[in-house]
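Working notes, beginning with the structure itself.
This is how it looks when you write it as structure tokens:
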């Protein structure tokens, strides 16, 4: 699987990635909400010149049930052009797909026909558990030594024996190599992670341990501020924890980490799901200055009052819908931050030209717990904007509607039929839903993360500045 | 052209070859120049890269050059060195994966990274047959005189000096070639060129080791 030249979908800088040709295919993780059927990987045609544009070309079912697919990734991406790792001749070819509930992982080969990925390897939970002591694999990134996989659970069936963390896999053989951390410091909870490769640091976040999410949100733990509320900073090559920033115990569930794509920029963003004092959600900017990391709340989204009769049991007492920022995504030019408010049913676009002063530059409404906003095509939309993926050129923003099967049922008891939609953006800011793009995956299936063929704004990391 | 001049030219040519190979580090100079938006960062990065490369050359060349002082064993040493390089080349042809440990070196430890990169690639080994050719006493008189222990010692030290000279000349050629391409990409060609220029030289590199090793063996026979 070696090339003579680097894979043409690897780009030295974010600017070169933006100039690449538009995506033709999207891969979307589907999960059987009640676990009665196997989860699947869907291939969606996103090529506007194609006769089958906006339809599901193929759906590859997994051999097992109850995997709950989440944040999958490529075996290799632009980070392979790192001048230090000297591994430029691998291919962006395999999709590495973690099953968050089963702790099983799958490897799909997108060659020879990218429209028909083939399952080529299954990694059983025992292998991951015995080699790493971790379970509940969640997010996949291609990095310096291979594939990095974050986990939400430690050892044992409950995933509470020891802290969760990150493990490394070989990017060609998919052999599980072992734990990434050498010194984890005080880190005990885990969720997302990302890095700045040339500046040699990693940032990680915290959600919860498996008993706190697998059977739904635990209201007492949330109100007791027992979900994660800290950011962790690491020396990437030394594999060593260097700093913790506690955002405050009321800032519950610190999820998606989005560093600036341009590696000469020393900052990034993270989303906080809910503030238990007032139900608002927030965006924080973290940055490095004088060798230390700092973080500051830079944007908030308030809860919206609602008639309790419209609310699920969990929220009736509050007479309000929390925004629940479940995903954020940063455009390749580091200019626009997209913020998915899964509770209120809003996708916000912030201009983050000044990362410390995000300014709201656009918004669309779709779904929502109380709002139940219909799509411009007139169709109902279950759930709200959730996993968000921006095209490399920043002109199209795709999103799905499911968060996590048991949480879906708590917040949206009527069910969330899996749908993928798309917004179009304008270069100066502003976005609107494309009335013609509405991909349904069929009842009983939730739709989670979207990956674009050739890379997207939450896959690739770069080693050269755009300058 | 004398055989000595040809050998020195080979040492310089291999220096240019190593310098142009992205695996030896010139893209790092480009990245640092772009990150700091300063010309001097391009130059400053090349110095530790050159230092590490020089150290890797010396570590591979000096012990063999010192052994070459034992004139009665010189043919065996040349055969052995040639065979070693040849076998390493074949190994690199079969096992083309890069050691993962290299990716673990911090971006601030450039000289250390350069040393290990050159060593893992067999960059020093590639020069070995040619260096031993330069260390070889050139006349029958020299062989006769070498029988005397003090002469052997003197010869041994001059061989070490030759090896260090080879390492230095090679590294200077490598640095100049690397500087030229890093500067051209940084200043004129842009990162798009990096994508086009980054050829997979793994097979060519392994082939170079095989050729160098075979040349050493043939020279010794």
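Residue numbers (this note's numbering), protein chains in the order written: chain C, 63 to 529; chain G, 913 to 1133.
Note that CB positions come from ideal geometry on N, CA and C, so glycine has one too.
Which residues does DSSP pair with residue 1095(G) in a beta bridge?
-> The residue given as residue 1095(G) occupies position 183 in the second chain. Answer is none; residue 1095(G) lacks a bridge partner.
Does any CB atom of chain C fall closer than 8 Å to the CB of residue 1019(G)?
-> Residue mapping note: residue 1019(G) aligns to position 107 of the second chain, counting from 1. The beta carbon of residue 1019(G) sits closer than 8 Å to some beta carbon of chain C.
Report the option in 425(C), 344(C), 351(C), 230(C) whose CA atom is closest to the CA atom of residue 365(C).
-> Working through the first chain from its first residue, we reach residue 365(C) at position 303. The shortest Cα separation from residue 365(C) among 425(C), 344(C), 351(C), 230(C) belongs to 344(C).
Kindly give me the distance between the Cβ atoms of residue 1042(G) and residue 967(G), rounded to whole angstroms, as I take these residues to be in contact under 8 Å.
-> Here residue 1042(G) corresponds to residue number 130 of the second chain, with the count starting at 1. Here residue 967(G) corresponds to residue number 55 of the second chain, with the count starting at 1. No, residue 1042(G) and residue 967(G) are not in contact; Cβ-Cβ is about 19 Å, not under 8 Å.
What is the DSSP secondary structure of residue 1052(G), reduced to helix, strand or coil?
-> Locating residue 1052(G) in the second chain gives position 140, counting from the first residue. Bear in mind that the predicted position of residue 1052(G) carries a pLDDT of just 46, short of 50, making it too unreliable to give a figure here.
Relative to chain C, which residues along the region 1088-1117 of chain G have a C-beta separation below 8 Å, given in chain order?
-> Within the region 1088-1117 of chain G, those residues whose Cβ lies closer than 8 Å to any Cβ of chain C are, in chain order, 1103, 1104, 1106, 1107, 1108, 1110, 1111, 1112, 1114.
If we ignore side chains and look at the alpha-carbon of each, how far apart do residue 1052(G) and residue 1080(G) end up?
-> Position 140 of the second chain, counting from 1, holds the residue named residue 1052(G). Position 168 of the second chain, counting from 1, holds the residue named residue 1080(G). Residue confidence is low: residue 1052(G) scores 46 on pLDDT, short of 50, so the model does not pin down where it sits. Its coordinate-derived value is still stated next. The alpha-carbon atoms of residue 1052(G) and residue 1080(G) are separated by roughly 29 Å.
Pick helix, strand or coil for residue 519(C), following the three-state DSSP scheme.
-> As a first step, residue 519(C) is located in the first chain; it is residue number 457 there, counting from the start. Looking at residue 519(C) - three-state DSSP - the assignment turns out to be coil, as it is neither helix nor strand.
List the residues of chain G that residue 529(C) touches, going by C-beta distances under 9 Å, in chain order.
-> Position 467 of the first chain, counted from the start, is the residue given in the question as residue 529(C). For residue 529(C), the C-beta contacts it makes with chain G under 9 Å involve 946, 947, 949, in order along the chain.
Once you ignore the five residues that flank residue 922(G) on each side, which residues in its own chain have a CB closer than 7 Å to its CB?
-> Numbered from 1 along the second chain, position 10 holds the residue referred to as residue 922(G). Close CB contacts of residue 922(G) within its chain, under the 7 Å cut and outside five residues either way in sequence, are with 1042 (chain order).
For residue 209(C), three-class secondary structure by DSSP = Residue mapping note: residue 209(C) aligns to position 147 of the first chain, counting from 1. Three-state result, residue 209(C): strand.
Give a yes or no on contact between the region 267-284 of chain C and the region 973-992 of chain G, applying the rule of three or more CB pairs nearer than 8 Å.
-> Contact fails between the region 267-284 of chain C and the region 973-992 of chain G, because fewer than three Cβ pairs, one in each stretch, are under 8 Å apart.
Scan the region 981-1013 of chain G for residues whose Cβ lies nearer than 9 Å to a Cβ of chain C and list them as they occur along the chain.
-> Within the region 981-1013 of chain G, the residues whose Cβ lies closer than 9 Å to some Cβ of chain C are 1008, 1009, 1010, 1012, 1013, listed in chain order.
Where the beta strand (DSSP E) through residue 59(C) begins and ends | Past the boundaries of the shown model lies residue 59(C); chain C is included only from 63 to 529, so the question cannot be answered.
Taking Cβ positions only, does residue 939(G) come closer than 8 Å to chain C?
-> Mapped onto the second chain, residue 939(G) falls at position 27. Yes, its Cβ sits closer than 8 Å to a Cβ of chain C.
Candidates 379(C), 114(C), 86(C), 75(C), of which the one nearest residue 458(C) by Cα | For the purposes of this step, residue 458(C) is identified with residue 396 of the first chain, where counting begins at 1. For residue 458(C), the nearest C-alpha among the options comes from 86(C).
Provide the residue span of the beta strand (DSSP E) that contains residue 423(C), from first to last.
-> Translated into the one-based positions of the first chain, residue 423(C) becomes position 361. Here the beta strand (DSSP E) through residue 423(C) covers 421-427.
What first and last residue would you give for the alpha helix (DSSP H) that runs through residue 951(G)?
-> On the second chain, position 39 is the one that residue 951(G) refers to. Element bounds for residue 951(G): 951-979.
Cβ-Cβ separation, residue 133(C) to residue 202(C) (assumed contact under 8 Å), whole Å | Taking the first chain and counting its residues from 1, the one referred to as residue 202(C) is at position 140. Taking the first chain and counting its residues from 1, the one referred to as residue 133(C) is at position 71. Contact holds; Cβ gap of about 6 Å.
Using a C-beta cutoff of 8 Å, does residue 1016(G) count as contacting chain C?
-> Within the second chain, the letter at position 104 stands for residue 1016(G). For residue 1016(G), the answer is yes, since a Cβ of chain C falls inside 8 Å of its Cβ.
Residues in the region 1021-1050 of chain G with C-beta within 8 Å of chain C's C-beta atoms, listed in sequence order?
-> Of all residues in the region 1021-1050 of chain G, the ones placed with a Cβ closer than 8 Å to any Cβ belonging to chain C are 1025, 1029, in chain order.
By a C-beta neighbour count over all protein chains shown, 10 Å radius and 16 as the cutoff for buried, is residue 523(C) buried or exposed?
-> Here residue 523(C) refers to the residue found at position 461 of the first chain. Around the CB of residue 523(C), 16 or more other CB atoms lie within 10 Å, so the residue is classed as buried.
Could you tell me which residues DSSP pairs with residue 513(C) in its beta bridges?
-> For this step, residue 513(C) is matched to residue 451 along the first chain. Note: residue 513(C) sits in a beta bridge opposite 89(C).
Residue 372(C) versus residue 288(C): straight-line alpha-carbon distance, rounded = Residue 372(C) sits at position 310 when you count from the first residue of the first chain. Residue 288(C) sits at position 226 when you count from the first residue of the first chain. C-alpha of residue 372(C) to C-alpha of residue 288(C): approximately 28 Å in a straight line.
If you count every other CB in all the chains shown that lies within 10 Å of the CB of residue 78(C), and 16 or more means buried, which is it?
-> Taking the first residue of the first chain as position 1, residue 78(C) is located at position 16. Result: buried.
Nearest candidate by alpha-carbon position, reference residue 1000(G), set 1034(G), 919(G), 1071(G) | Here residue 1000(G) refers to the residue found at position 88 of the second chain. In this structure, 1034(G) is the residue among 1034(G), 919(G), 1071(G) with its C-alpha nearest to the C-alpha of residue 1000(G).
Proximity to residue 212(C) [Cα-Cα], best of 223(C), 218(C), 231(C) = In the first chain, counting from the first residue as 1, residue 212(C) sits at position 150. Its Cα nearest to that of residue 212(C), the residue 231(C) stands out among 223(C), 218(C), 231(C).
How many Å lie between residue 355(C) and residue 292(C) at the Cα?
-> Taking the first residue of the first chain as position 1, residue 355(C) is located at position 293. Taking the first residue of the first chain as position 1, residue 292(C) is located at position 230. About 13 Å.
Count the other CB atoms, across all protein chains shown, that sit within 10 Å of the CB of residue 63(C); report buried if there are 16 or more and exposed otherwise.
-> On the first chain, residue 63(C) is found 1 positions in, with the first residue counted as 1. At residue 63(C) the pLDDT is 47, less than 50, meaning the model places this residue with poor confidence and gives no usable figure here.
Proximity winner among 430(C), 90(C), 143(C), relative to residue 476(C) (alpha-carbon distances) = As a working mapping, residue 476(C) is identified with position 414 in the first chain. Closest option to residue 476(C), Cα to Cα, is 430(C).
Got a sec: which bits of the region 310-332 of chain C sit with their beta carbon under 8 Å from any beta carbon on chain G, in order along the chain?
-> Interface annotation for the region 310-332 of chain C against chain G: 325, 326, criterion Cβ-Cβ distance under 8 Å.
Is the region 1006-1022 of chain G in contact with the region 144-151 of chain C, if contact means three or more CB pairs nearer than 8 Å?
-> Between the region 1006-1022 of chain G and the region 144-151 of chain C, the count of Cβ pairs shorter than 8 Å is three or higher; the stretches touch.
Look up residue 1010(G) in the DSSP assignment and say whether it is helix, strand or coil.
-> As a working note, residue 1010(G) is residue 98 in the second chain. In the structure shown, residue 1010(G) sits in coil (DSSP, three-state: anything other than H, G, I, E or B).
The region 447-457 of chain C / the region 512-522 of chain C touching (three or more Cβ pairs under 8 Å) | They touch, by the three-pair rule.
Ordered list of beta strand (DSSP E) runs contained in the region 445-513 of chain C, each at least 3 residues | You should have 450-452, 458-461, 481-487, 493-502.
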